[in-house]
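Asker: Same order as they appear, the protein sequences are chains A and V. Using the numbering used here, the letters of the first sequence correspond one by one to residues 1 to 330. Using the numbering used here, the letters of the second sequence correspond one by one to residues 1 to 330. Just so you know, even glycine gets a beta-carbon here, dropped at the ideal spot from N, CA and C. The structure's right below; bear with me while I get my questions together.
2 protein chains.
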Amino acid sequence: RCFHFCKLPGRVMGIRLLRFTSVVIIVLLLVAGALTALLPTIKDDKLPNLRREPKTQSQSALDSFTLIMQTYNRTDLLLKLLNHYQAIPHLHKVIVVWNNIGEKTPEEMWNSLGPHPVPVVFKVQTVNRMRNRLQNFPDLETKAVLMMDDDTLVSAHDLAFAFSVWQQFPEHIVGFVPRKHISTPSGVYSYGSFELQNPGFGNGDQYSMVLIGAAFFHSGYLEDFQQQPEAVYALIDETQNCDDIAMNFLVAKHTGKPSGVFVKPVDMRNLEKDTNSGYSGMWHRAEHLLQRSYCVNKLVNIYDGMPLKYSNIMISQFGFPNYANHKNKM
Amino acid sequence: RCFHFCKLPGRVMGIRLLRFTSVVIIVLLLVAGALTALLPTIKDDKLPNLRREPKTQSQSALDSFTLIMQTYNRTDLLLKLLNHYQAIPHLHKVIVVWNNIGEKTPEEMWNSLGPHPVPVVFKVQTVNRMRNRLQNFPDLETKAVLMMDDDTLVSAHDLAFAFSVWQQFPEHIVGFVPRKHISTPSGVYSYGSFELQNPGFGNGDQYSMVLIGAAFFHSGYLEDFQQQPEAVYALIDETQNCDDIAMNFLVAKHTGKPSGVFVKPVDMRNLEKDTNSGYSGMWHRAEHLLQRSYCVNKLVNIYDGMPLKYSNIMISQFGFPNYANHKNKM
């Protein structure tokens, strides 16, 4: 018996109305269902105007790195290099340290030529200082920093490999340019490369620094750099040089081990000659190398000791570019 | 007053006797003293028949290594190689694992051609087993083992460098012969070298094993090897092969990292062809490589998983033999 239903006003009319309503509803549902089946299936390639979420932004802070590139008077090289570096695997963001005081950054032009694979931030500086690139930038979100000079092109293959090496040696400066200091009987140190005599630990050469103008290192070292004695900043400002030597001292002191791990580059190029600016870089100054020896000795005074340690480990990528590059004479 | 003395029989004669005795004694002492002054000063080079205390025996257990070399049917090569290896820097002792069952060791001849830079111990075996070299020899005093096949010559320079690398990576097998496994869609693994396809992690090749026939590793792993499942020993005995693959599995499981670190040799030679015995080594057997693939899969079953990990790190010595061997294109 239908007690509830049947209590509708107008018992006979109620039932008929109910049946009619039910039928209408069912018919409407069927029609709607049929219409749904006719809708086109939504596929990714049918949404061309929506930007794909950039993969790099979902990379964790451990699996990606931030490129910090300081630039002075070589904007043409900077832009060439940015086109190259913006597409390096595992790159999270680029920070351009703009040392062209009073000059507009190319940010407008950069934006007009978007979209770009990663964000690029232009940090306008107030004074043209070599150590501007060693600030503890709030924009830094990754554990790893890749620091490049604005005239140096390193291939993506080299960078991808060196980044993987850094991940295995995160407390070291992992890079492509090895240098060394040597001590002399007088106790005065000298700075140089392979043209200097070997430090004399067995055969072969040794390096005690890896320059930061083409290297990966832990972003924590930028924090540490802010805690150094004033004399270090004064030295770097006085010479407009040696920030990289100071960083190697810092890292060596921190780890008690050789500061750097040298990765032999397959394809690294200096683009200095390619600039229209006529500006060819600090290392061409006559006093450049003498300054660096001077810096080594000053830093030993400031830190009251020589923390740099030697290494002769040279790392290359197994089976690249030549798949039999490890073959021996056997 | 002289009470005790004077109680000697014959009082007057006693005193005269005493004085005379004293004078004689004093004169004798003076003469002896004079004779001592005339003795020649003892210098090292005046004692040609006394062996200098070998420097290696005063080396601490951390700064030296023990060479373990197993030998079968190639005593001529063994003796050639012993002459070379006995003089390697930082070598503490040599252990020769004598697999020539029932045959006398060359110990007598060895001793007759002494002195030698380091002690050499001949361990006579009762059964000719490949895994004899993986015993936990009580003669082992060093933390590091250098294991060499009895047909492999590696230069002193390479060994000295690789030993210094091992000291920086003591939990790894640091050696000169990289190999890899690859997995296939069927889940079956295959063993090989660079002729096999890359495992597909980025560009270049990868290795997942470093063979122990030319490598440094921690002596603790010989202890660990004694604790492995019986099935591992059975596998090695069945194939007379794969002890090195088993060691790589052991090390990878222990560290959770790639088992080996590959050091690219400058001068490594296979002396197989130089033997008079006509015996040319196990790896020439037709089934050798197939056995090794078989072993990889068996070990995965035994250990219930694949512990081997890939690496593409290739280490060379900075500035050796060519002092500019790190130069880049800049």
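Roughly how many whole angstroms lie between the Cα atoms of S183/A and E287/A?
Answerer: Walking along the first sequence from the start, residue 183/A turns up at place 183. Walking along the first sequence from the start, residue 287/A turns up at place 287. Approximately 20 angstroms between the Cα atoms of the pair.
Asker: If we cut at 8 angstroms on Cβ distances, does F318/A have a partner in chain V?
Answerer: In the first sequence, residue 318/A corresponds to position 318, counting from 1. Chain V, which has a Cβ nearer than 8 angstroms to the Cβ of F318/A, makes this yes.
Asker: Tell me, which residues are paired with P178/A by DSSP?
Answerer: The count along the first sequence starts at 1 and reaches residue 178/A at position 178. Answer by DSSP bridge pairing, in chain order: V210/A.
Asker: Excluding the five sequence neighbours on either side, which residues of its own chain have a C-beta within less than 7 angstroms of the C-beta of Q70/V, listed in chain order?
Answerer: As a working mapping, residue 70/V is identified with position 70 in the second sequence. Answer for Q70/V: V97, N99, N132, R133 and D150, listed in chain order.
Asker: What three-state label does DSSP hand L271/V in the structure shown?
Answerer: Here residue 271/V is taken as the residue at index 271 of the second sequence, counted from 1. L271/V falls in the coil class under three-state DSSP.
Asker: When you compare the CB of F163/V with every CB in chain A, is at least one pair closer than 8 angstroms?
Answerer: One-based indexing of the second sequence puts residue 163/V at position 163. Output row for F163/V: interface = no.
Asker: State yes or no: is the C-beta of K143/A within less than 8 angstroms of the C-beta of L62/A?
Answerer: Taking the first residue of the first sequence as position 1, residue 143/A is located at position 143. Taking the first residue of the first sequence as position 1, residue 62/A is located at position 62. Going by C-beta atoms, K143/A is nearer than 8 angstroms to L62/A.
Asker: Is there contact between the stretch 314-324 of chain A and the stretch 213-220 of chain A, where contact requires at least three CB pairs shorter than 8 angstroms?
Answerer: no
Asker: Identify every run of the beta strand (DSSP E) within the stretch 210-294 of chain V, keeping only runs that are complete inside it and at least 3 residues long; order them along the chain.
Answerer: With a minimum length of 3 residues, the continuous beta strand (DSSP E) runs that stay inside the stretch 210-294 of chain V are 214-218, 260-263 and 268-270.
Asker: Thinking just about the alpha-carbon of each residue, which of W166/V, G175/V, S164/V and E171/V is nearest to the one in V154/V?
Answerer: As a first step, residue 154/V is located in the second sequence; it is residue number 154 there, counting from the start. Ranking the options by Cα distance to V154/V, first place goes to G175/V.
Asker: Can you grab the Cα-Cα spacing for the pair V300/V / I313/V, in whole Å?
Answerer: The sequence position of residue 300/V within the second sequence is 300, counting from 1. The sequence position of residue 313/V within the second sequence is 313, counting from 1. Straight across, the Cα-Cα distance linking V300/V with I313/V is about 24 angstroms.
Asker: Along the stretch 168-182 of chain A, where does the CB come closer than 9 angstroms to a CB of chain V? Name the residues.
Answerer: Q168, F176, V177 and P178
Asker: Decide if the stretch 84-98 of chain V is in contact with the stretch 113-128 of chain V; the criterion is three or more beta carbon pairs, one per stretch, under 8 angstroms apart.
Answerer: Per the Cβ contact rule, the stretch 84-98 of chain V is in contact with the stretch 113-128 of chain V (3 or more Cβ pairs under 8 angstroms).
Asker: When the cut-off is 8 angstroms and only beta carbons count, does Q206/V lie next to chain A?
Answerer: Locating residue 206/V in the second sequence gives position 206, counting from the first residue. Yes, because at least one Cβ of chain A sits closer than 8 angstroms to the Cβ of Q206/V.
Asker: I need the straight-line Cα distance from Q86/A to N325/A, nearest angstrom please.
Answerer: Indexing the first sequence from 1 puts residue 86/A at position 86. Indexing the first sequence from 1 puts residue 325/A at position 325. Near 29 angstroms, if we compare the C-alpha coordinates of N325/A and Q86/A.
Asker: How would you list, in chain order, the residues of chain A whose beta-carbon sits under 9 angstroms from the beta-carbon of I212/V?
Answerer: By 1-based counting over the second sequence, the position of residue 212/V is 212. Going along chain A, no residue has its Cβ under 9 angstroms from I212/V, so there is no contact; the nearest lies around 16 angstroms.
Asker: Could you confirm whether any beta carbon from chain A is found closer than 8 angstroms to the beta carbon of I313/V?
Answerer: Here residue 313/V refers to the residue found at position 313 when the second sequence is read from its first residue. Yes, I313/V lies at the interface with chain A (some Cβ there is under 8 angstroms from its Cβ).
Asker: Are the beta-carbon atoms of V263/A and A160/A separated by less than 8 angstroms?
Answerer: Residue mapping note: residue 263/A aligns to position 263 of the first sequence, counting from 1. Residue mapping note: residue 160/A aligns to position 160 of the first sequence, counting from 1. No; because the gap between Cβ atoms is not below 8 angstroms, this pair is not in contact.
Asker: Using a beta-carbon distance cut-off of less than 8 angstroms, what residues from the stretch 250-268 of chain V approach chain A?
Answerer: F262, K264, P265, D267 and M268
Asker: Taking its Cβ as the centre, do 16 or more other Cβ atoms sit within 10 Å of D244/A, making it buried, or is it exposed?
Answerer: Looking up residue 244/A in the first sequence gives position 244. With 16 or more other Cβ atoms within 10 Å, it is buried.
Asker: Report the CB separation of S293/V from Y207/V in whole angstroms; it is logged as a contact under 8 angstroms.
Answerer: Sequence index remark: in the second sequence, residue 293/V carries index 293 (1-based). Sequence index remark: in the second sequence, residue 207/V carries index 207 (1-based). Wrong, their Cβ atoms sit about 16 angstroms apart, outside the cutoff.
Asker: M147/V bridges to which residues according to DSSP?
Answerer: Looking up residue 147/V in the second sequence gives position 147. Its beta-bridge partners are I68/V and A215/V.
Asker: Name, in chain order, the residues that DSSP records as bridge partners for A316/V.
Answerer: To locate residue 316/V, count along the second sequence from 1; it is residue 316. The question names Ala, yet the displayed sequence has Ser at residue 316/V. In DSSP, S316/V forms a bridge with M314/A.
Asker: Reducing DSSP to helix, strand and coil, say where H172/V ends up.
Answerer: Here residue 172/V refers to the residue found at position 172 of the second sequence. H172/V falls in the coil class under three-state DSSP.
Asker: So, using beta-carbon positions, are M101/A and N128/A closer together than 8 angstroms?
Answerer: To locate residue 101/A, count along the first sequence from 1; it is residue 101. To locate residue 128/A, count along the first sequence from 1; it is residue 128. The question names Met, but residue 101/A is Ile in the sequence shown. Yes, the Cβ-Cβ distance between I101/A and N128/A is below 8 angstroms.
Asker: With DSSP as the reference, please indicate the residues paired to I95/V in a beta bridge.
Answerer: Within the second sequence, residue 95/V is the residue found at index 95, counting from 1. Answer is I68/V and V121/V.
Asker: Roughly how far, in whole angstroms, is the beta-carbon of S259/V from the beta-carbon of M306/V, given that I think they are within contact range, below 8 angstroms?
Answerer: Taking the second sequence and counting its residues from 1, one reaches residue 259/V at position 259. Taking the second sequence and counting its residues from 1, one reaches residue 306/V at position 306. So it is not a contact: roughly 12 angstroms between Cβ atoms.
Asker: Which same chain residues end up closer than 6 angstroms to K253/V when comparing Cβ atoms and leaving out the 5 residues on each side of it in sequence?
Answerer: Walking along the second sequence from the start, residue 253/V turns up at place 253. Excluding positions up to five away in sequence, the list reads P307.
Asker: With a threshold of 8 angstroms on Cβ separation, who are the neighbours of T105/A within its own chain once the five nearest residues in sequence on each side are excluded?
Answerer: The residue labelled residue 105/A in the question sits at position 105 within the first sequence. Contacts found: V96, W98, F122 and V124.
Asker: In the structure shown, what three-state DSSP assignment does S186/A receive?
Answerer: As a first step, residue 186/A is located in the first sequence; it is residue number 186 there, counting from the start. In the structure shown, S186/A sits in coil (DSSP, three-state: anything other than H, G, I, E or B).
Asker: Taking buried to mean at least 16 other C-beta atoms within 10 Å of its own C-beta, is K327/V buried or exposed?
Answerer: Walking along the second sequence from the start, residue 327/V turns up at place 327. Its Cβ having fewer than 16 others within 10 Å, K327/V is exposed.
Asker: Would you decide whether F20/V is buried or exposed? Buried here means 16 or more other CB atoms lie within 10 Å of its CB.
Answerer: Position 20 of the second sequence, counted from the start, is the residue given in the question as residue 20/V. Exposed is the call here.
Asker: Applying a beta-carbon distance threshold of less than 8 angstroms, which residues of chain V neighbour H84/A?
Answerer: Here residue 84/A corresponds to residue number 84 of the first sequence, with the count starting at 1. Residues of chain V passing the Cβ test: none, with the nearest at roughly 16 angstroms.
Asker: Touch check for the stretch 75-83 of chain V and the stretch 266-278 of chain V: three-plus C-beta pairs under 8 angstroms?
Answerer: yes
Asker: Taking buried to mean at least 16 other C-beta atoms within 10 Å of its own C-beta, is H284/A buried or exposed?
Answerer: Position 284 of the first sequence, counting from 1, holds the residue named residue 284/A. By the 10 Å Cβ count, H284/A comes out exposed.
Asker: Could you compute how far the alpha carbon of S193/A sits from the alpha carbon of D224/V?
Answerer: Residue mapping note: residue 193/A aligns to position 193 of the first sequence, counting from 1. Residue mapping note: residue 224/V aligns to position 224 of the second sequence, counting from 1. Whole-angstrom Cα-Cα distance: 44 angstroms.
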